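Going down the list, the sequences are from chains G and V. Numbers 5 to 116, taken from the numbering used here, label the letters of the first sequence in order. Numbers 5 to 116, taken from the numbering used here, label the letters of the second sequence in order. Glycine included, every Cβ here is placed at the ideal spot set by N, Cα and C. Source: prediction; values computed, not measured. Structure record follows, encoded as structure tokens.
There are 2 protein chains.
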Amino acid sequence: METELTKPKDFTDSQHEIAHTIKALGHPARVAIIEYLLSVDTCICGDIVDVLPLAQPTVSRHLKELKNAKLIKGTIEGNTICYCIDENTIEELQKYFTNISAKLTLKNKNCC
Amino acid sequence: METELTKPKDFTDSQHEIAHTIKALGHPARVAIIEYLLSVDTCICGDIVDVLPLAQPTVSRHLKELKNAKLIKGTIEGNTICYCIDENTIEELQKYFTNISAKLTLKNKNCC
DNA sequence: ATTCTTTATCGTAATATTGCAATATAGAAA
DNA sequence: TTTCTATATTGCAATATTACGATAAAGAAT
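Structure follows, in structure tokens:
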């Protein structure tokens, strides 16, 4: 039989979504931004450029990508500059990996 | 003052490392491979190609990248074909996000 | 030895990402 | 208004990623 009944035409929506979210963290600049946001108490984050080895337009691009992936939220409204980590998305990622870990502990360890 | 004392020349090693690991999961094919490996009981995984919408050489490349990031382990030795998720790396990711989540719950929620 | 099966690598094209300089935008301060 | 400050966008150039067909490699089966 040459028919390949199980081969799909595309990945699932879920696979696309989780990959998109995770991909947004797949760059040291964006990891650094998240870690910086986590370390500061205030959400006034105009000084992110000063703590990253990148020019301002590049940082702005990375922020845009993080926002697009919903890893950060916030806006610039007058003098109320504000960027924060989006806890919901981080929690989703945490649950995703916790779930994988949990399933792995139930698995057969007789290989590799 | 024009001096920028806080601007570093590069990201930290830790930021590079976590980004590299996370980046390896930032593609639907590699998410699908991990999810497939999680779903099968045996480690004989030669049929990954059949469940992905990709040609065999492309799957091989994605496997190589996952292996390079230590998200999977395993080898091809004679007829003992074996690929498994590397629990240690998954656990690292799980801890990374759990730690962020934990720190977020302690933070000021008066913004964004 | 030859063939089969499975996985890896090579070559190449198409696309995406990254980075910065230059510029635009917009509210604040003067 | 003009200027200042902070962020975003545009326009490239350099690099990286992704995909697949063709081919190689290596052990298994005959």
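Q. Would the beta-carbon of ILE22/V fall within 9 angstroms of that of LEU29/V?
A. 9 angstroms or more divides the Cβ of ILE22/V from the Cβ of LEU29/V.
Element boundaries [alpha helix (DSSP H), containing ILE52/V]
That run of the alpha helix (DSSP H) goes 52-55.
Closest by C-alpha distance to VAL55/V, when choosing among ILE52/G, LYS13/G, LEU58/G, LEU70/G
Answer by Cα proximity: LYS13/G.
- Query: SER105/V touches chain G at which residues, Cβ-Cβ below 8 angstroms?
  - Reply: Around SER105/V, the beta-carbon contacts reaching into chain G at under 8 angstroms are GLU91, ILE94, GLU95, GLN98.
Would LYS13/G count as contacting chain V if we go by Cβ distances under 9 angstroms? Judged by the 9 angstroms Cβ criterion, LYS13/G is in contact with chain V.
Which residues in chain V have a C-beta closer than 9 angstroms to the C-beta of GLN60/G? List them in chain order. Chain-ordered listing is empty here: chain V has no CB closer than 9 angstroms to the CB of GLN60/G, the nearest sitting near 11 angstroms.
Span separating the alpha-carbon of CYS116/V from that of CYS116/G: For CYS116/V and CYS116/G, the distance between alpha carbons rounds to 46 angstroms.
Query raised in the report: Can you tell me the Cα-Cα spacing of THR62/V and LYS113/V, whole angstroms?
Result: THR62/V and LYS113/V: Cα-Cα distance of roughly 45 angstroms.
Would ILE104/V pass as a contact of SER105/G if the rule is Cβ separation under 9 angstroms? No; because the gap between Cβ atoms is not below 9 angstroms, this pair is not in contact.
How about ALA36/G and THR16/V: do their beta carbons lie closer than 9 angstroms? One thing to note: ALA36/G has its Cβ within 9 angstroms of the Cβ of THR16/V.
**Request:** Would you mind working out which of THR10/G, GLN60/G, LYS11/G, VAL44/G sits nearest LYS11/V, comparing C-alpha positions?
**Result:** For the set THR10/G, GLN60/G, LYS11/G, VAL44/G, the Cα lying nearest the Cα of LYS11/V is the one of GLN60/G.
field: Cut-off 8 angstroms between Cβ atoms - residues of its own chain near SER64/V, not counting five sequence neighbours on either side
entry: Apart from the 5 residues on each side of it in sequence, SER64/V has no Cβ closer than 8 angstroms to any other Cβ in its chain.
Taking buried to mean at least 16 other C-beta atoms within 10 Å of its own C-beta, is PRO32/V buried or exposed?
With 16 or more other Cβ atoms inside 10 Å of its own Cβ, PRO32/V counts as buried.
The ligand HEM heavy atom lying under 8 angstroms from the CB of THR79/V: Ligands displayed in this structure: none; no statement on the ligand HEM is therefore possible.
- Message: Beta-carbon within less than 7 angstroms of LYS111/V's beta-carbon, same chain only, minus the 5 sequence neighbours each way: which residues are those?
- Response: Excluding residues within five positions, none has a Cβ falling inside 7 angstroms.
Using a Cβ cut-off of 9 angstroms, pull out every chain V residue sitting near ASN72/G, in sequence order please. Those within 9 angstroms of ASN72/G in chain V number zero; the least Cβ separation is about 13 angstroms.
Hey, how far is the Cα of GLU91/G from the Cα of THR109/V?
-> GLU91/G and THR109/V have their C-alpha atoms roughly 9 angstroms apart.
Margin query: Counting only beta-carbon separations shorter than 9 angstroms, does HIS66/V have a partner in chain G?
Written below: With 9 angstroms as the cut-off, HIS66/V does not count as an interface residue toward chain G.
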